[in-house]
Amino acid sequence: MKRTLSVLVENRPGVLSRVAGLFSRRGYNIDSLAVGRTENPAISRMTIVVDGDEQIIEQVGKQLNKLIDVIKISDITNDPYVGRELILIKVNADPSVRGEIMQIVDIFRARIVDIARNSLIIEATGDADKIDAIENSLRPFGIREVVRTGKIAMLRGAKTRGMEASGNGTGE
Amino acid sequence: MDTVFGIPGGSVLPLYHELAVASIRHILTRHEQAAAHAADGYARASGKPGVCIATSGPGATNLVTGIANAYMDSIPLVAITGQVSVAMIGRDSFQEADITGITLPVTKANYLVKNVHDLAATIHEAFYIATTGRPGPVLIDIPKDITTQRALFRYPPKLHLPGYRCKVQPHALQVAQAAAAIGAAEKPLLFIGGGVITSGAHEEVRQLAEGQDIPVVMSMMGKGGFPETHPLFAGMVGMHGTAAANYAMCETDLLIGVGVRFDDRVTGKVEAFAPKAKIIHIDIDAAEIGKVVQAHIPIVSDARQGLAAILEKLPGKGEHQAWRQQIRRWQEENPLRYEKGGLKPQYVLEELYNLTKGQAIICTDVGQHQMWAVQYYPLSRPRTFLSSCGLGTMGFGVPAAMGAAVARPGETVVVITGDGSFQMNIQELATISHYQLPVKIIIMNNGYLGMVRQWQEFFFDRRYAYSEMLGNPDFVKVAEAYRIPGRLVNESREVVPALEEALAAEGPFLVDVRIDREENVYPMVPPGGTLNKMVTGGKGA
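Here the protein sequences line up with chains S and H, keeping their order. Oh and the first sequence: position 111 is 111 in the working numbering, straight run, nothing missing. Positions in the second sequence are counted from 1; adding 1000 to them yields the working numbering.
Given below as C-alpha cells:
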C-alpha cells in the first residue's frame, strides 16, 4: 500500500539525511522523496511516498515525529489533493518522426524544451500515471535519458496543511 | 551536573584551557569510550545528565560505542567533541571525522556549531533535549576556531523547538479505560522497565502493586524499580528470567507494561508473547506503542504521571489471592538454584549480598556474570543497578562504576565483571587509581567468553570456537601494577574473607574469582522461543 506523506521540517543542516537515514535504518521502503522550501524560508516541506502495511506506516509516522527537526506530518493519501511529478525525457527524434512525437506531446499537454538534430527534450508534469503513460508512448522512438522528480502534493480547496506546531517545544 | 569525563586533544585544547580554571570537576579517563560510559554511569546513578568530552577524529569515534549504549538504554548524555576549524571541514584534515554524520542513528539530536553566537543556545538545547521526554544522548561538535572566538554569553531563556514534543500527561480517557481493566482483571501482572527508574515511578509502582494486589515482574532495565524481596515480586522476565515470571507472562489476562519496550530478549517469540493478556502499555515514547506488541490500552505519558493518574481512578483495593498463590507455587517449584560444590559465581553473589546487606550499587559488564548478578543480587532501590541492557556492551561495567562512584560518594560501588569484559576497558584501572575511586571489582573469571561458550555448548555442538581466553594475565598483579590492592580466590572458603577485605578497603579493590569454568546461566529461553519453554540445568534449576 502506497501512502503519501506531507512533512514539514525545519530547514536545518542535515535534515534530509536525518529523514532519509531513518527510512533506510529502520528498513522502510521509500518510493520517492521530494523536498523544497515553503513560503517560510525557515521551513521546508517533504513529500514522501512510502510503501508498507498499516503498522509500518504508523511506525514511519511515529519515528519521523521523534526527529527534532520534523514539525508536522500529514498522511494525505485519502484527502483530495493535487499530486504532481515532473519528468524530462531525452528521446531520439530524427526529422521523419518529429511530427508524430509532437502529436504525443500535444495529447499529454507536455512541452518540447530543447531540440537537437536527432533528439528532443520533452518536459511533462502530471500524476504518476500520466508520467508513466507519456514515457511509455515515447519509448518506441528510443529514450536516451529520463530525469524524474519525486511527487509533490498539495491539498485541494482552501485548506492548508498547517504550519502550526503540534508540540510543546518552548523549552519551558 | 558537576563532573565531566574526557580526554584532551588537539581540537579541544582551547576548551580544556578554560575547563582547567572552571568550577567543573574533570575526570581524565584513559580511553574515550570509558569517558562516555562513565558519564552514562554517572547519569544512571544520579538521574542527572552525564557529560563526556573528546577531541576530533579518533577521540570522537571512540565515544561512539558509549553514545550508542546510552541511546539504547535511554540515558541522558551530552557528548562534546572538538572538530577541525570550520574552514578545514570536509577536506580530510588531520584528525577530522564527520562525527555528526557517524552518530546520526545513535543520538537523539546532534549539532555542528559553526557560529560562536549559536553556542550558548545549542548547549541549552542539547541539555534540554537529552533530559526531557524519553532521555537520550545528544552530541555537540565544536570546531576549534569556534572555541577560540569571543562572544557575549547570552543564555536564551526560551528555546525554539517547534518539532520537539515531550508529552508527559496521560490522556484521561485512556487512564479511565486502564483503571477499569485493572478493576476487572483476574490475573493482572505489572511489568516494569527502565521508564520506571527514569521517571522515579517506583513509589507509584509499589502503591499500585500493593493496593491492587498485583504481582510484579521486571525487565533488566527495571531492576531496582520494585523491591525484589517483596512478596509480590516474581522476578525478571525473558531469556534468563525466572520460571515464575515467564509462566506468569504466559498466563496473565492483563499485562500492565510500564516504561518497557518489549525487547526480543524479553518477549521471545512475539506471536506467542502474553497470549492471554489484554495489554496496557504506558510509555513516554509514542513510537514504542505498537512497535513490537499491539497494546489494547496505549497510554503515552511519563511513567510516574501515568501510574499516578491510574491510581487516582482506582476506587478501592484489589484482591487476587488465587493468582498470587499460583505464582507463589511456580516460585516454590522452580526456584533459582545451582549445584553446590566447586566455586560458584552464584555463591559469590549471595555472599556479596549478605555482606553488603543488599545496599550496594551494582555495575555489571555483559555476559553470564551479568545474568547471575541480576538473579542473585536482589535490589530494592532505583538507580542501584547499572548495566548495558540494550546494546550489550562488554567493557561498560568498570567505567560506569567510576561514574557511579563520582555521582554517589559514600555508597558501596561494586563491579561484577568477567575476564572477557574486564579486559575491554582494563586501562581504566589507571583512572580508578588516579582519583582513588572506591570501586570494588569482582571478576567472575572462567577463562572463557562465558556466554559465548554457553551458546556454543547449547546451539553449536560444543565447538568452542575462539571463546577460550588463553593468555589471560594475572589480574591481581595487573591491579597491583596500578597500585590497587587485589586478592585471588581459588576456593569457596576464600570467598567471604576476600569480599570482606575488599569491602573494608577504603579505596578500590580487585577480587579475581576463579569460578567453575563451565557453569551455565539457567533458566534459559532459547532465542526466538516461547517464554514457557525454558531450558533448565541438569540437576540444577
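Where a beta carbon is used, it is the ideal one built from N, C-alpha and C, also for glycine.
S/G27 at chain H interface by Cβ criterion, 9 Å: Start at 1 with the first residue of the first sequence, and residue 27 of chain S comes out as number 27. By this cut-off, S/G27 is not an interface position.
Kindly identify the DSSP beta-bridge partner or partners of S/V70. The residue labelled residue 70 of chain S in the question sits at position 70 within the first sequence. Answer is S/V9.
Show which residues of chain H have a CB atom less than 8 Å away from the CB atom of S/D75. Stepping through the first sequence from its first residue, residue 75 of chain S is reached at position 75. Under the 8 Å cutoff, chain H gives no residues; its nearest Cβ is about 15 Å from S/D75.
At a Cβ threshold of 9 Å, is S/G21 touching chain H? The residue given as residue 21 of chain S occupies position 21 in the first sequence. Cβ-Cβ to chain H under 9 Å: yes for S/G21.
C-beta atoms of H/I1442 and H/A1502 nearer than 9 Å: Here residue 1442 of chain H is taken as the residue at index 442 of the second sequence, counted from 1. Here residue 1502 of chain H is taken as the residue at index 502 of the second sequence, counted from 1. Closer than 9 Å, so yes.
Taking the continuous beta strand (DSSP E) assigned at S/E145, which residues delimit it? Position 145 of the first sequence, counted from the start, is the residue given in the question as residue 145 of chain S. Run containing S/E145: I143 to R148, per the beta strand (DSSP E) assignment.
Does the beta-carbon of S/G169 have 16 or more other beta-carbons within 10 angstroms, so that it is buried, or is it exposed? In the first sequence, counting from the first residue as 1, residue 169 of chain S sits at position 169. Because S/G169 sits at a pLDDT of 34, beneath the cut-off of 50, its placement in the model cannot be relied upon, and the following sentence gives the value as read from the coordinates. Result: buried.
Taking C-beta pairs closer than 8 Å, name the residues in chain H that S/Q103 reaches, listed in chain order. If you number the first sequence from 1, residue 103 of chain S lands on position 103. By Cβ distance, chain H contributes nothing, its closest Cβ being about 49 Å from S/Q103, past 8 Å.
Considering just the uninterrupted stretch of the alpha helix (DSSP H) at S/I134, what are its terminal residues? Position 134 of the first sequence, counted from the first residue, corresponds to residue 134 of chain S. That run of the alpha helix (DSSP H) goes A128 to L138.
If we ignore side chains and look at the alpha-carbon of each, how far apart do H/I1542 and H/R1044 end up? Look at the range of chain H in this structure, 1001 to 1541, and you will see that residue 1542 of chain H is not part of it.
Taking buried to mean at least 16 other C-beta atoms within 10 Å of its own C-beta, is S/R25 buried or exposed? Within the first sequence, the letter at position 25 stands for residue 25 of chain S. Counting Cβ neighbours within 10 Å, S/R25 comes out exposed, since fewer than 16 surround it.
Which partner residues does S/R45 have in the DSSP bridge list? Position 45 of the first sequence, counted from the start, is the residue given in the question as residue 45 of chain S. BP columns for S/R45 point to S/L8 and S/G36.
Presumed contact (8 Å Cβ cut-off) between S/V70 and S/V9, rounded CB distance: Within the first sequence, residue 70 of chain S is the residue found at index 70, counting from 1. Within the first sequence, residue 9 of chain S is the residue found at index 9, counting from 1. Contact holds; Cβ gap of about 5 Å.
Who pairs with H/F1233 in a beta bridge, going by DSSP? As a first step, residue 1233 of chain H is located in the second sequence; it is residue number 233 there, counting from the start. Answer by DSSP bridge pairing, in chain order: H/V1216.
Between the region 4-18 of chain S and the region 65-79 of chain S, are three or more C-beta pairs nearer than 8 Å? yes
Using 10 angstroms around the beta-carbon of S/M1, count the other beta-carbons present and answer buried if the total reaches 16, otherwise exposed. What you label residue 1 of chain S is simply residue 1 of the first sequence in a count that begins at 1. With fewer than 16 Cβ atoms within 10 Å of its Cβ, S/M1 is classed as exposed.
For a minimum of 4 consecutive residues, which ranges assigned as the alpha helix (DSSP H) are wholly contained in the region 1480-1535 of chain H? 1495-1504
Drop a sphere of 10 angstroms on the beta-carbon of H/E1518, count the other beta-carbons inside from all chains shown, and report buried for 16 or more, exposed for fewer. Within the second sequence, residue 1518 of chain H is the residue found at index 518, counting from 1. It counts as exposed.
For the region 1050-1060 of chain H and the region 1088-1103 of chain H, state whether three or more C-beta atom pairs, one from each stretch, are separated by less than 8 Å. yes
Please work out which residues of its chain come closer than 8 Å, Cβ to Cβ, to H/P1014, disregarding the five sequence neighbours upstream and downstream, and give them in chain order. Working through the second sequence from its first residue, we reach residue 1014 of chain H at position 14. Closer than 8 Å at the Cβ level, and outside the excluded window around H/P1014, lie K1144, T1147 and T1148.
Report the neighbours of H/T1412 on chain S: residues whose CB is nearer than 9 Å to its CB, in chain order. Working through the second sequence from its first residue, we reach residue 1412 of chain H at position 412. Simply none; closest approach about 38 Å.
Any C-beta of chain S within less than 9 Å: which residues of the region 1285-1315 of chain H qualify? D1285, A1286, A1287, E1288, I1289, G1290, K1291 and Q1294
Any chain S beta carbon closer than 9 Å to H/L1077: Reading the second sequence from its first residue, position 77 is the one you call residue 1077 of chain H. Not closer than 9 Å to any Cβ of chain S, the Cβ of H/L1077 fails to qualify, so no.
Where H/L1104 meets chain S, residues with beta-carbon distance less than 8 Å: The sequence position of residue 1104 of chain H within the second sequence is 104, counting from 1. G14, S17, R18 and G21, listed in chain order.
Collapsed DSSP secondary structure at H/T1252 in the structure displayed: Residue mapping note: residue 1252 of chain H aligns to position 252 of the second sequence, counting from 1. Coil.
Can you tell me the Cα-Cα spacing of H/K1539 and H/P1523, whole angstroms? The residue you call residue 1539 of chain H lines up with position 539 of the second sequence. The residue you call residue 1523 of chain H lines up with position 523 of the second sequence. At H/K1539, the pLDDT of 43 sits below 50, so the modelled position is not reliable; the number obtained from the coordinates is stated separately. Rounded to whole angstroms, H/K1539 to H/P1523 spans 12 Å at the Cα level.
Anything in chain C within Cβ reach of S/N65, meaning under 9 Å, just list it in chain order. Of the protein chains in the structure, S and H, none is chain C.
By how many angstroms is the C-alpha of H/Y1347 removed from the C-alpha of H/S1168? Here residue 1168 of chain H corresponds to residue number 168 of the second sequence, with the count starting at 1. Here residue 1347 of chain H corresponds to residue number 347 of the second sequence, with the count starting at 1. Note on residue identity: the sequence assigns Val, not Ser, to residue 1168 of chain H. Those two C-alpha atoms are separated by around 43 Å.
With distances taken from CA atoms, which of H/D1264, H/R1304, H/G1316 and H/A1277 is nearest H/K1291? On the second sequence, position 291 is the one that residue 1291 of chain H refers to. Closest option to H/K1291, Cα to Cα, is H/D1264.
For H/A1178, which option in H/C1363, H/N1334, H/I1432 and H/A1309 has the closest C-alpha, if you only look at C-alpha atoms? As a first step, residue 1178 of chain H must be located in the second sequence, where it is residue number 178. Comparing Cα positions, the closest option is H/A1309.
Residues in the same chain with beta-carbon distance under 8 Å from H/V1086, minus the five sequence neighbours each way, listed in chain order, please. Numbered from its first residue, the second sequence carries residue 1086 of chain H at position 86. Same-chain partners within the cutoff: K1114, P1143, D1145 and I1146.
Since H/A1303 and H/V1258 should fall inside the 8 Å C-beta cutoff, what is the C-beta to C-beta distance between them, to a whole number of angstroms? As a position in the second sequence, residue 1303 of chain H is number 303, starting the count at 1. As a position in the second sequence, residue 1258 of chain H is number 258, starting the count at 1. 5 Å between Cβ atoms; contact.
Taking Cβ-Cβ distances shorter than 9 Å, what residues in chain H pair up with S/I68? Translated into the one-based positions of the first sequence, residue 68 of chain S becomes position 68. The contacting residues are K1108, A1109, E1125, I1129, L1161, G1163 and Y1164.
At what residues does the alpha helix (DSSP H) containing S/G83 begin and finish? As a working note, residue 83 of chain S is residue 83 in the first sequence. Careful: S/G83 lies outside any alpha helix (DSSP H), inside the beta strand (DSSP E) at Y81 to N92.
Hey, does S/E39 have any beta-carbon neighbour from chain H nearer than 9 Å? Here residue 39 of chain S refers to the residue found at position 39 when the first sequence is read from its first residue. False, the Cβ-Cβ gap to chain H never drops below 9 Å.
At a Cβ threshold of 9 Å, is H/T1100 touching chain S? On the second sequence, residue 1100 of chain H is found 100 positions in, with the first residue counted as 1. So, interface residue.
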